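Single-structure report; data block below.
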Amino acid sequence: MPTYLWAIQLEKQTALIRAVTAQTEPSAPAAASPGQKMNQALLNVRNKSRDKKQKIKDRIAANETAMEDVSELQTLRDSAISLHTEVMVGFDQIEQDIIAKGLPEVILQRHRDTVTEYETKYQDMLDKLQSLMDAATLSGQESAADALDAFMQSQKLEKRHQPLDPDHLPWGSPDASKTRKPAETIEELEQHTGLRGYPAETQWAVCQNEDQDPLNLGPVLNEVTLSLLKGEGKCGNTSQARTLLASTALTPGMLESIADMAISAPPVPEDLAETPDVKFTAAI
5 MPTYLWAIQL
15 EKQTALIRAV
25 TAQTEPSAPA
35 AASPGQKMNQ
45 ALLNVRNKSR
55 DKKQKIKDRI
65 AANETAMEDV
75 SELQTLRDSA
85 ISLHTEVMVG
95 FDQIEQDIIA
105 KGLPEVILQR
115 HRDTVTEYET
125 KYQDMLDKLQ
135 SLMDAATLSG
145 QESAADALDA
155 FMQSQKLEKR
165 HQPLDPDHLP
175 WGSPDASKTR
185 KPAETIEELE
195 QHTGLRGYPA
205 ETQWAVCQNE
215 DQDPLNLGPV
225 LNEVTLSLLK
235 GEGKCGNTSQ
245 ARTLLASTAL
255 TPGMLESIAD
265 MAISAPPVPE
275 DLAETPDVKF
285 TAAI
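Going by our numbering, the sequence shown opens with residue 5, and the numbers climb by one from there.
Below, the structure is given as structure tokens:
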């Protein structure tokens with residue numbers, strides 16, 4: 005199990021039940037729950053134990069013999085005991101909800117395992133607190149404070165990720181009633197997209213002149229392809245912007261155009277020069 009987030013398991017189990025049963029109702033922000041209050045009480049114990057530990061060590065370093073006053077820890081211990089009762093009532097209620105709703109046995113077992121682990125950690129903390137308060141010497145206080153501080157520092161008690169309301173998530177799903185059905189024919193696709201459909205094997209250039217059908221470019225196809233490969237962006241005798249759609253197969257005309265371009269515009273020394281992306285190596 006990951007780092008134990010004890011004393012706040014009540015909220016986790018509550019969120020689990022709500023997510024499974026999908027019965028969460030929107031509500032205004034509620035007062036702090038017993039689990040949240042317990043978490044704050046444990047933070048106070050951790051901070052105070054660290055403070056007392058340092059003061060005890062300062063006394064020892066100064067060769068003092070007077071013991072450190074740890075009465076504040078008794079108050080914190082009493083508060084934790086009171087809140088523990090409320091937390092256990094919440095745990096019992098969650099177990100009854102799980103059983104009443106007939107949820108899978110694995111959920112009930114995880115809940116019981118969580119409660120058992122929580123109780124073990126809780127009792128361990130009380131024992132270490134009591135040892136520090138019962139210490140009869142300054143050195144005894146030091147040993148007890150070290151043990152309590154090490155235990156409390158190993159617990160992750162800071163604010164963690166808040167469970168989301170499953171009925172009010174920060175994202176949503178598309179409305180199926182407003183989503184169009186997929187096109188099943190070329191005609192439907194053309195209607196949806198506003199584009200004309202052509203065979204995938206056809207390579208053609210689209211002129212902004214809508215009167216010229218791309219499938220009838222025939223004699224100028226090679227000229228268009230060549231001009232586009234040269235970066236001139238011409239279609240026939242115009243200089244308007246063009247779009248060249250690639251095909252799934254090479255045609256003889258395409259190969260002829262590439263060959264014509266190589267003859268009319270052979271590589272120059274600059275084409276073979278070193279570039280920032282391609283550096284000359286010994287092999288080259």
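Heads up, the beta-carbon is just placed ideally off N, CA and C, and yes, glycines get one too. Note that the structure is predicted; figures quoted are calculated from it, not measured.
Task: Where the alpha helix (DSSP H) through Thr-197 begins and ends - done: First-last of the alpha helix (DSSP H) with Thr-197: 190–197.
Open item on the list: Measuring alpha carbon to alpha carbon, tell me which residue in Gln-127, Tyr-126, Asp-96 is nearest Ala-112.
Closed with: First, the residue type needs correcting, since residue 112 is Leu and not Ala in the sequence shown. The candidate whose alpha carbon is nearest that of Leu-112 is Asp-96.
Task: Residue range of the unbroken alpha helix (DSSP H) whose run includes Asn-67 - done: Per DSSP, Asn-67 lies in no alpha helix (DSSP H) segment and is marked neither H nor E.
TODO: Could you tell me the distance, in whole angstroms, from the CA atom of Ser-75 to the CA atom of Leu-47?
DONE: In a straight line, the C-alpha of Ser-75 is about 17 Å away from that of Leu-47.
Task: Residue nearest to Gly-144 in terms of C-alpha spacing, selected from Val-110, Gln-44, Lys-56 - done: Of the listed residues, the one whose Cα sits closest to Gly-144 is Lys-56.
- [ ] Would you tell me roughly how many angstroms separate the C-alpha atoms of Ala-140 and Ala-154, rounded to the nearest one?
- [x] Answer to the nearest angstrom: the Cα atoms are 21 Å apart.
Open item on the list: Can you tell me whether Arg-50 is helix, strand or coil according to DSSP?
Closed with: Helix, per DSSP.
TODO: Could you pull out every residue in the same chain whose Cβ sits closer than 7 Å to the Cβ of Leu-152, ignoring the five residues on either side in sequence?
DONE: If you ignore the 5 residues before and after Leu-152, its C-beta comes within less than 7 Å of the C-beta of Ser-53, Lys-132, Leu-133, Leu-136, all in its own chain and listed in chain order.
Task: 7 Å Cβ cutoff met for Lys-59 and Glu-72 - done: Taking C-beta atoms as the reference points, Lys-59 and Glu-72 count as a pair closer than 7 Å.
- [ ] State yes or no: is the C-beta of Pro-38 within less than 7 Å of the C-beta of Gly-94?
- [x] It is a contact, given that the beta carbons lie within the stated cut-off.
TODO: Within 10 angstroms of the Cβ of Thr-79, are there 16 or more other Cβ atoms? Answer buried if so, exposed if not.
DONE: Burial call: exposed.
Open item on the list: Helix, strand or coil for Ala-149? Go by DSSP, reduced to three states.
Closed with: Of the three classes helix, strand and coil, the one that applies to Ala-149 here is helix, per DSSP.
Open item on the list: Counting C-beta neighbours from all protein chains within 10 Å, is the total for Gln-100 16 or more, i.e. buried, or is it exposed?
Closed with: Exposed, because fewer than 16 other Cβ atoms sit within 10 Å of the Cβ of Gln-100.
TODO: Taking Met-42 and Leu-77 to be in contact with their CB atoms under 8 Å, please state how far apart those CB atoms are, rounded to whole angstroms.
DONE: Actually they are not in contact, since the Cβ atoms of Met-42 and Leu-77 sit about 16 Å apart, beyond 8 Å.
- [ ] Please indicate yes or no: does the CB of Arg-50 lie closer than 6 Å to some heavy atom of the ligand SAM?
- [x] Ligands in the displayed structure: none, and consequently the ligand SAM is not present.
Open item on the list: Tell me the DSSP secondary structure of Leu-173 in three-state form.
Closed with: Three-state result, Leu-173: coil.
TODO: Tell me whether Thr-118 is buried or exposed, calling it buried when 16 or more other Cβ atoms sit within 10 Å of its Cβ.
DONE: So Thr-118 counts as buried.
Task: Proximity of Ser-83 and Ala-45 at Cβ, strictly below 7 Å - done: Contact flag set, yes.
- [ ] Name the two residues that bound the continuous alpha helix (DSSP H) containing Thr-79.
- [x] Boundaries of the alpha helix (DSSP H) around Thr-79: 75–104.
- [ ] Let me know if Ile-98 comes out buried or exposed under the rule of 16 or more other beta-carbons within 10 Å of its beta-carbon.
- [x] Classification of Ile-98: buried, given that the 10 Å Cβ count is 16 or more.
TODO: Please classify Ala-149: is it buried, with 16 or more other beta-carbons within 10 angstroms of its beta-carbon, or exposed?
DONE: Classification for Ala-149: buried.
Open item on the list: In whole angstroms, give me the CA-to-CA distance for Asp-275 and His-172.
Closed with: When rounded, the distance between both Cα atoms is 60 Å.
Task: Every unbroken alpha helix (DSSP H) within the segment 102–126, with a cutoff of 4 residues, ordered by chain - done: Entirely contained in the segment 102–126, not one alpha helix (DSSP H) run reaches 4 residues.
TODO: Have a look at His-196 and Gly-176 and give me their C-alpha separation to the nearest angstrom.
DONE: Put simply, the backbone Cα of His-196 is about 25 Å away from that of Gly-176.
TODO: Express the C-alpha separation of Gln-127 and Gln-159 in angstroms, rounding to a whole number.
DONE: A direct Cα-to-Cα measurement between Gln-159 and Gln-127 gives close to 14 Å.
Open item on the list: Going by DSSP in three states, Glu-278 sits in which element: helix, strand or coil?
Closed with: Three-state DSSP puts Glu-278 in coil, outside helix and strand.
Task: Other residues of its chain near Arg-50: CB distance less than 6 Å, five sequence neighbours each side excluded - done: Met-156.
Open item on the list: Helix, strand or coil for Phe-284? Go by DSSP, reduced to three states.
Closed with: Three-state result, Phe-284: coil.
Open item on the list: Please report the distance separating the alpha-carbon of Ile-64 from that of Lys-105.
Closed with: So the alpha carbons of these two residues sit roughly 58 Å apart.
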